Amino acid sequence: MDSFEEKIKGLVCQLKASISKDPRITDHTSPIVLAVTFTLPSKIQLWIDQLTSLQNDLFVIKQWKSEIRPNQEELLELCQGATGIICILTDSINEDFLTSVGRELKVVSTMSVGYDHIDVASCNRLGIKVGITPGVLTGSTADITLLLILGAIRRAKEGILAVSEGKWGPWNPTWMLGYEFVRKTIGIIGLGRIGIAVAARTIPLGISKILYTTRSSDIGSDVSDNLQQIKAACVAMDQLNNKMVHSALGNSSDTGLEVQKSSLETLLSESDIVVITCNLSDSTYHMINSSNIKLMKKSAVLVNSARGPIVDNNALAEALSSGTIFAAGLDVTQPEPIPANHSLTSHPNCFILPHLGSATQETRTKMAALALINCISGVLGIELAHSA
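In full-length UniProt numbering, the protein residues as written are 1 to 388.
As structure tokens, then:
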């Protein structure tokens, strides 16, 4: 957080100068208005509170502090006349909203890596910058993805239910058998930062083959390039002391570890574990549908820690009920929250978490810091740290 703190301090100093009443410093007459649609983690909320204390006729800060999320009308009222907006992924920043807020809006900064809740095309047309928070949530999201994989492949939900419902009987050698990681193939749909971090976490557990589809141009298609990126992720996790990682990444031909770029169809048909870490777009909406699920092995598990609409929930529920695939692990659903009476929530082989991918104290604080940095930067006309 230290680098973020220093960056925020510097930007706040620039903002203070900008909102000074001294005509030698101030080059604007209309007030700077910051709208924050939620309460930030405590460490970053202190900065918002400090900014609030600076309010004058050239600077206004407005914040939604209720635990109940604002409806669209309330959101618009909060953000009316804003110069910069800090929002979250449940806020709908569509064309009507953007045109209604007013012409002073310079930046929309979302505390998320995804931005499908923001009409980026309209923002571009209106000259509004869009800030996002990638990178800082990679590790925590990869961790929760690994938890989902383990929960699905080892039938964790069934085990928990057996204990809580009094169905834990005498030890039985054939009861509730799952699968191991050793010599399995993992398929990663969208080998971006999070996909690479997930791959790195599965290597010490014995994965022997990694199939992937790329999600961005900065990830090369060469096998050795991707091995190096996975190795770098392991370094970041301090896992290179683990002999298994050393041997797996040192010489893949000796250990049997393979890393291959693949078509979606091949990935689905050959993988024991399918992990979705790609962006949501028109091309990925319901990409995992009935037809594609039927390509998977009966023993396969499907894990989604990206965006709910990438998977057709009804098709997945049918596949689990019919035994088309073994199990699923979901941190995201469509809609969110998923209705308690949905067939997926009651299915014993569907391990669902309530969108906890970035839910650590450390990650949420970094995300909030980056969102604040992006917002102030946009207001001051400085290049954003990360933009959509």
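Think of the CB as a built atom: it goes at the ideal place given N, C-alpha and C, for glycine as much as any other residue. It should be emphasised that the depicted structure is a prediction, and the values quoted were computed from it without experimental measurement.
query: Selection from 304, 17, 115 and 8 that minimises the alpha carbon distance to residue 46; result: 8
query: Three-state class that DSSP yields for residue 383 in the structure shown; result: coil
query: Cβ shell of residue 349 (< 8 Å), same chain only, five flanking positions each side left out; result: 152, 155, 157, 158, 320, 326, 327 and 328
query: Cα-Cα separation, residue 143 to residue 311; result: 21 Å
query: Buried versus exposed, by CB contacts within 10 Å (16 or more), residue 68; result: exposed
query: Rounded straight-line distance, which links the Cα of residue 210 to that of residue 52; result: 50 Å
query: CB of residue 58 within 8 Å of CB of residue 32, strictly; result: yes
query: Sequence-distant residues of its chain with Cβ nearer than 7 Å to residue 89 (five each side left out); result: 110, 112, 114 and 117
query: Selected residue, minimal CA-CA separation from residue 261, among 309, 296 and 185; result: 185
query: Reduced DSSP category for residue 300 - H, G, I as helix; E, B as strand; rest coil; result: coil
query: DSSP-derived helix/strand/coil call for residue 328; result: strand
query: Distance CB(residue 275)-CB(residue 182) smaller than 8 Å; result: no
query: Sub-8 Å separation of residue 86 and residue 375 beta-carbons; result: yes
query: C-beta atoms of residue 331 and residue 295 nearer than 8 Å; result: no
query: Residue range of the beta strand (DSSP E) that includes residue 315; result: No beta strand (DSSP E) contains residue 315, which is instead part of the alpha helix (DSSP H) from 313 to 322.
query: Inter-residue spacing [alpha-carbon to alpha-carbon] between residue 65 and residue 50; result: 16 Å
query: Three-state class that DSSP yields for residue 84 in the structure shown; result: strand
query: Cβ-based burial, residue 201 [other Cβ within 10 Å; buried from 16]; result: buried
query: Among 121, 78 and 120, nearest to residue 100 - alpha-carbon criterion; result: 78
query: Own chain partners of residue 5 with C-beta closer than 8 Å, once the 5 adjacent residues on each side are dropped; result: 369
query: Residue 48 beta carbon near the ligand GTP (any heavy atom closer than 7 Å); result: No copy of the ligand GTP appears in this structure; indeed no ligand is present at all.
query: For residue 56, the residue or residues it bridges with in DSSP; result: 59
query: C-alpha distance - residue 172 paired with residue 160, whole-angstrom precision; result: 17 Å
query: Pick from 282, 285 and 107 that is closest to residue 388, judged by C-alpha positions; result: 107
query: Residue 109 - DSSP class collapsed to helix/strand/coil; result: strand
query: Beta-carbon spacing of residue 149, residue 273 below 8 Å; result: yes
query: Burial state of residue 102, where buried means 16 or more other Cβ atoms lie within 10 Å; result: exposed
query: Anticipated Cβ contact below 8 Å, residue 145 with residue 303, distance rounded; result: 6 Å
query: Cross-strand partners of residue 131 (DSSP beta bridge); result: 109 and 387
query: Rounded separation between residue 147 and residue 3 - CA only; result: 30 Å
query: Buried versus exposed call for residue 123 [16 or more other C-beta atoms within 10 Å across all chains shown]; result: buried
query: Residue 280 in three-state terms, based on DSSP; result: coil
query: Residues bridged to residue 151 [DSSP beta-bridge criterion]; result: Paired residue(s): none; residue 151 is not in a bridge.
query: Buried or exposed (CB count within 10 angstroms, at least 16 for buried), residue 71; result: exposed
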